[in-house]
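One structure is given here, and the rest of the page talks about it.
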Amino acid sequence: MSSFGHANGLETVLQTLCELDSGTTLLLDRLKQNSYSARESAAFLRKRALLEEEYARGMMKLVVSADAEAARDEGKSGSWGEAYGKFLRVHEAVALSRLKFANGITEVATSMTTLYKGNERSRKELKDMSQKFERHLSDAEAALDKSRHKYEGTSEEWEKVILQKGAGEGAPAMMGPSGGPGSGALFSPSSSLGSGTANGHGSTSGSGMMKRSNPLGGIFKQIKTPSQLSKMEEEARYKAGQANENYKTQLQITNTARQDYYTYTLPKLLRALMECVSESDAGMQYLLAKYAFTYESAEFSEASTIIPNNGEGLRWIVNQVDNPLDFSSFLAGYRSKSRSHETSDIPYTEYAMVGSSATAQSYVNPKPIFGVALEEHLRRDQLEVPAILVKCATAVEAHGFDSQGIYRMSGQSSKIRALKALLNRGMSSLVDLSQGDWLLDINIVSGVLKLYFRELPEPLLTNHLYSEFIHAATLPPQESRDRLIQVVRHLPRPNYATAQYLFRHLHRVSLNCAENKMNRKNIGIVFGPTLMVGRDDPDNPLADMGPRSKAVERILEFIDDIFPPPWN
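Quick note: the sequence shown uses full-length UniProt numbering, first residue 1, plus one each step.
The following block contains the structure:
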C-alpha cells in the first residue's frame, strides 16, 4: 500500500499540495530526506557488515591459533583436552554462521545504496522538470510584464502628443470618453492605425520623431506646424494600438500557460513526486525488515549451534570435563623434587610520615563540604557563607561574566570531579581558580558550584519552605514580591546568608545578559531545580519545574526588596 494511504487519501493530499505554493518544494525536500536516510542506513549496514565480518574472521583466526596451541601438548590433556577440542569446533561453526550473516548484511546494504541512487536520480530529474516548467511560466509572466510596460509607455507618449497638439491649436486635448489614452477614440474603427506604414513611416521612424519632439517641454524649443503635430499624433496612436494588441495577445498566452501549469502540469508533477516518495518509503522499510529477518535468522542459527536439539551443546561439552580424574593422571606422572617453605609470619613495619605538608594532611584529615549539611559545614569551619561559594563566584565574576551560557553550559565532567575532590579535602586555600584548567574553562568552576548546592542534604531554600516559595511564584508580581520577602525571612540564618550572597552574585551575572545570554529567566531555569526540591516527589526533578524557576527569577527581579542593601 502507498505510504499516503488509500486512493481517496492520496487525492486529498494531492489537492492540498496543489493549493500550496511550496507543494513541489515540500515533496522534493521529503525525497531529499529519504535520500539522506537511505544513504545513512546503507552506511550503517556496510559498517555493520564489516564489524560482523571482522568478528567472524577474528573468531576463525582465534580458533586456528587455539588449535595450534593445543597441539603443542603443553596444556591439560585427558577429558579436558577432548572437551576443549569440541569447544573450539562450536566456535568455528559460530564464526561460519556470522560470516554468512555478514554477507547477508552486505546484500541489504548494496540494495539500500541502489535505492538511494535511484531515489536521488529521480529527485534530480523531477527537480529539473519542475524548474523547467516554473521557468516557462515565469518567462511568460515576464513577457506579459514587458508588453504591459510597453503598452503603458506608448499610451503615455500618445497622451503627451495629444496635449502638445491641443496646446498648439489652442484647443482642449482630444481624449477618449474616460479621459485617458487607452479609451474612447484610440482603438475605434475610424482611427488611422495604418497611415504610418502607408506613408512609409514605420515604428522606427515614429520612435525617432518622438525622441526628437519632447512633448510639452519641447514646445518652447521648436514650434510644430499643425500638420506635423497631426502626423506625430497618428504615429503615436498607431504605436499605442500595436502595443495594446501585443499586450492582449501576451495576456492570453500567459493565462493559457498558467491554466496549463496549474490544472495539468503541476498535478502531474506532484503525483510523480508523491509516487517517488511512496516507493522510496516502502523500499527502505522493506530493506530494513529484510535486515531484521537476516539478523533473527543469524541469531537463531548461532543459538542452535550453541544449544542444539540433541542437547549436546556448549555447556554439555564443558560438563564432560572430569577434573579429579585429569588431576589424578597428572599427579601420577609428575616427577619433581619438593622444597620447604618459609611459614613464619612477616613482621609489620610502620611507615613514619615525613614532613607535614598541607596536601598530605588534607588526605589524612579531610574536611568534606560536598554532601554536608550547610549549618554543620559553616559551624565547623566558622564561616558566615561557604568558602566555595565565595571562591567560585569571585572567579566567575573575574573571568566568566562575558562567557555565553555561564552556569547553563557544563564543563568537562572529569575536571569538575577533580576540582570537587580538591575542595572536598579542605584544600580550598591551595586551589587557585584564576589559572590552569579552571581559567581555560570557567564552566568547570560554575559547574562545581552548582554541584555543591545540588548535593546539599537539604536544599538551600529548605524543604520546609518549599510550598511557600512555589505559592509565591504563582502570584502576580507585586503580591509575589511581598510574599517572597516574608518567606525568605523565615530561612535559617546560615541559609539566609548563603542565599543572600548567591543571589547577589547571580543578579550581577544577569546584569551582563547582553553578553552572556543569562537573563533572570535563564538563571531561574538553571538554579530553580538546584535550590528547591519537591517534598512530595524528590526523585522527580521535573516536578514544579516552572514554579521553581519562576521563584528564583522573582527573587532576582526584586532582589533589592528581598535582600535589602547594603550587602556584605
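Note that CB positions come from ideal geometry on N, CA and C, so glycine has one too.
Here the alpha carbon of Ser230 sits roughly 21 Å from the alpha carbon of Asn244. One alpha carbon belongs to Ile162, the other to Glu152, and they sit about 15 Å apart. Val445 and Phe563 have their alpha carbons spaced roughly 25 Å apart.
The alpha-carbon separation between Ile253 and Pro267 amounts to approximately 20 Å. Annotated three-state conformation of Pro457 is coil, per DSSP. Glu52 is a Cβ neighbour of Arg98, given a cutoff of 8 Å. With a threshold of 16 other beta carbon atoms within 10 Å, Ser130 meets it and is buried. The continuous alpha helix (DSSP H) containing Tyr501 extends over residues Arg493 to Leu511.
Around Ala42, the same chain offers Ala109, Met112, Thr113 and Tyr116 as residues with beta carbons nearer than 7 Å, after the five sequence neighbours per side are excluded. Thr265 sits buried, since 16 or more C-beta atoms from the chains shown fall within 10 Å of its C-beta. When DSSP states are grouped into helix, strand and coil, Gly524 belongs to the helix group. Contact annotation: Gly447 and Gly411 have beta-carbon atoms nearer than 8 Å. Of the residues assessed, Phe469 falls on the buried side of the cut-off, its CB having 16 or more other CB atoms within 10 angstroms. Setting aside the 5 residues that flank it on each side, Ala395 is surrounded in the same chain by Leu433 and Val445, each with a C-beta closer than 6 Å to its C-beta; the list follows chain order.
Relative to Ser155, the option among Gly524, Ala240, Tyr247 and Lys100 whose CA is nearest is Ala240. Glu92 has its alpha-carbon roughly 28 Å from the corresponding atom of Phe327. A residue is called buried once 16 or more other Cβ atoms fall within 10 Å of its Cβ, and Leu270 is buried on that count. Put simply, the region 541–555 touches the region 477–489. At least three CB pairs are less than 8 Å apart. Between Val509 and Ile523, the C-beta gap is smaller than 8 Å, which places the two residues in contact.
Your pair Ala49 and Ile105 checks out as a contact, with CB atoms roughly 4 Å apart and the cut at 8 Å. In the three-state reduction of the DSSP assignment, Ile369 falls in the coil class. In this structure, the straight-line span from the alpha carbon of Glu40 to that of Val277 is close to 17 Å. Thr474 is a Cβ neighbour of Pro547, given a cutoff of 8 Å. By the Cβ criterion, the region 247–261 is not in contact with the region 80–87, since fewer than three pairs of Cβ atoms, one from each stretch, lie closer than 8 Å. For the set Ser403, Gly405, Cys392 and Ala257, the Cα lying nearest the Cα of Leu419 is the one of Cys392. Check the Cα spacing between Lys160 and each of Ala236, Asp560, Glu458 and Gln404: the tightest is with Ala236. By the neighbour-count definition (other C-beta atoms within 10 Å, threshold 16), Asp560 is an exposed residue. Within the same chain, and ignoring the five residues on either side of Glu141 in sequence, the residues whose Cβ sits closer than 7 Å to its Cβ are Thr254. If you look at Pro267, you'll find it in the alpha helix (DSSP H) that goes Leu266 to Ile306.
In the DSSP assignment, Thr394 falls within the alpha helix (DSSP H) that extends over Ala387 to His399. Put simply, of Asn103, Phe453 and Asn512 the residue whose alpha carbon is nearest the alpha carbon of Thr498 is Phe453.
Leaving aside the five residues that flank Lys290 on each side, the residues in its chain whose CB is nearer than 7 Å to its CB run, in chain order, Val108. If you draw a straight line from the Cα of Ala95 to the Cα of Phe87, it comes to about 13 Å.
Here the alpha carbons of Leu325 and Ala332 stand approximately 11 Å from one another.
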